[in-house]
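Peer 1:
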Amino acid sequence: LEGDVWSHTVMVYNHSQHVNRLSPEVREALELSTLLHDLGKIATRKRSTANRGRIHFRGHAGVSSFMALAVMERWNIDKSVQRDVMQTISLHHSFMEG
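Quick note, my numbering runs 438 ahead of the 1-based positions in the sequence shown.
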C-alpha cells in the first residue's frame, strides 16, 4: 500500500507519533523500532520466480533486529532500550506467521 520501503517506514513512524503517555524510555524504543524495523529488507530482498516476479523479504524481521543492534551500538543507545527494540523488531511480523 505504501509503495516502497521508505514510504512504509515514514508512515509507521508518523503513526507512532500519535501514541500518547509513554515514558521517555518507551518513547525512544518505539521511535527506534519504527525507524529500524525493516533494515533487514536490504539483505533479504528476493524476486519470486513463481509469483510473477514479485519481490519478497522472507525472514527480514530477524535480520532487521540484528542490523538495528549494530546501528544502535554505533549510536550509543542504552542497552535496555536496545533489548526492547530488538525484541519489538524481531516480533513485528509474528502475527502473520501463524
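Backbone N, C-alpha and C fix where the C-beta goes; we use that ideal spot for every residue, glycine too.
So within the segment 490-533, which uninterrupted alpha helix (DSSP H) runs reach at least 4 residues, ignoring any that extend past its ends?
Peer 2: Fully enclosed alpha helix (DSSP H) runs of 4 or longer: 498-512 and 517-528.
Peer 1: For residue 468 and residue 460, I'd like the C-alpha separation in whole angstroms.
Peer 2: Position 30 of the sequence shown, counted from the start, is the residue given in the question as residue 468. Position 22 of the sequence shown, counted from the start, is the residue given in the question as residue 460. Distance between the alpha carbons of residue 468 and residue 460: 9 angstroms.
Peer 1: Mark residue 493 as exposed unless 16 or more other C-beta atoms lie within 10 angstroms of its C-beta, in which case mark it buried.
Peer 2: Translated into positions along the sequence shown, residue 493 becomes position 55. It is exposed - the Cβ of residue 493 has fewer than 16 other Cβ atoms within 10 Å.
Peer 1: Would residue 506 be called buried (16 or more neighbouring beta carbons within 10 Å of its own) or exposed?
Peer 2: Taking the sequence shown and counting its residues from 1, one reaches residue 506 at position 68. Buried: at least 16 other Cβ atoms inside 10 Å.
Peer 1: Note down, in chain order, each residue of its chain lying with its Cβ closer than 8 angstroms to the Cβ of residue 451, except the 5 sequence neighbours on either side.
Peer 2: As a first step, residue 451 is located in the sequence shown; it is residue number 13 there, counting from the start. Once the five neighbours on either side are set aside, the close Cβ partners of residue 451 are 469, 472 and 473.
Peer 1: So, do the segment 481-495 and the segment 506-524 have three or more beta carbon pairs nearer to each other than 8 angstroms?
Peer 2: Because the criterion of three Cβ pairs below 8 angstroms is not met, the segment 481-495 and the segment 506-524 do not touch.
Peer 1: Can you tell me the Cα-Cα spacing of residue 478 and residue 504, whole angstroms?
Peer 2: Counting from 1 along the sequence shown, the entry for residue 478 is found at position 40. Counting from 1 along the sequence shown, the entry for residue 504 is found at position 66. Approximately 8 angstroms, taken between the alpha carbons.
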